[in-house]
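Step one of this worksheet: look at the structure below.
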Amino acid sequence: MTTTSPTREAVQAYHRARFRGDVPAAAAQLGQNFFFRSPFIESRSPTGHLAGIEQLIQIIDHIEMISELYDDTDAVLIYDLHTNSPAGIQHTAEHFRVHDGRIAAIRLIFDAAPWQAIMAARPAVAGAD
Numbered sequence: 413m414t415t416t417s418p419t420r421e422a423v424q425a426y427h428r429a430r431f432r433g434d435v436p437a438a439a440a441q442l443g444q445n446f447f448f449r450s451p452f453i454e455s456r457s458p459t460g461h462l463a464g465i466e467q468l469i470q471i472i473d474h475i476e477m478i479s480e481l482y483d484d485t486d487a488v489l490i491y492d493l494h495t496n497s498p499a500g501i502q503h504t505a506e507h508f509r510v511h512d513g514r515i516a517a518i519r520l521i522f523d524a525a526p527w528q529a530i531m532a533a534r535p536a537v538a539g540a541d
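First residue of the sequence shown? That's 413 in the numbering used here, and the numbers climb one at a time after it.
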């Protein structure tokens with residue numbers, strides 16, 4: 413059994429880059445026809461969905477990976493995002509679709525309720541579409 417694949421490499425590189433706030437490195441893992449969906453935004457822009465990541469990084473204490481599942485074209489990461497914000501611990505799941513070694517789509521799933529007040533208090537982020 414192999415422990416590395418183009419799907420795993422792309423998803424892990426994206427995940428590491430995003431949570432260190434490296435937008436160009438994270439965006440480099442995304443394909444041309446990229447699509448992102450979360451409880452707050454939908455984006456077809458490789459950098460639009462990462463707008464505001466610097467603000468998120470400031471409130472992250474650590475990430476506790478629970479499970480990683482990979483096949484040839486799909487990946488699922490399940491993790492707890494520990495924050496030093498009123499949101500506390502955010503139980504999170506992400507589904508990735510990978511095509512030709514690049515991430516084609518991400519669906520980010522989490523309980524958005526704790527983030528409503530946080531999102532309402534922050535200024536609008538340019539670049540999300």
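Where is the CB? At the ideal position from N, CA and C, for every residue including glycine. Keep in mind that this is a model prediction, so the values were computed, not measured.
Rounded to whole angstroms, what is the Cα-Cα separation between residue i and residue j?
i      : j      : result
Ile501 : Ala533 : 19 angstroms
Asp434 : Ala422 : 15 angstroms
Arg509 : Gly443 : 10 angstroms
Gly513 : Thr504 : 24 angstroms
Ala429 : Gln441 : 9 angstroms
Ala437 : Phe431 : 11 angstroms
Ser457 : Tyr426 : 15 angstroms
Leu468 : Asp484 : 30 angstroms
For the beta strand (DSSP E) that residue i lies in, which residues bound it at each end?
i      : result
Ala505 : 501-511
Asp483 : It is not in any beta strand (DSSP E) - Asp483 carries neither H nor E in the DSSP assignment.
How far does the alpha helix (DSSP H) with residue i in it reach, from first residue to last?
i      : result
Thr495 : Not the alpha helix (DSSP H): Thr495 falls in the beta strand (DSSP E), residues 486-495.
His461 : Run containing His461: none; DSSP gives neither H nor E here.
Arg430 : 418-431
Helix, strand or coil for residue i? Go by DSSP, reduced to three states.
i      : result
Ala524 : coil
Ala437 : helix
Arg449 : strand
Arg514 : strand
Ala533 : helix
If I'm right that residue i touches residue j with Cβ under 8 angstroms, what's the distance once you round it to whole angstroms?
i      : j      : result
Ala529 : Pro498 : 7 angstroms
(request) Count the CB pairs spanning the region 446-462 and the region 481-490 that are closer than 8 angstroms, and state whether there are at least three. (result) no
(message) Count Cβ pairs between the region 506-524 and the region 446-456 that sit closer than 8 angstroms; are there 3 or more?
(response) yes
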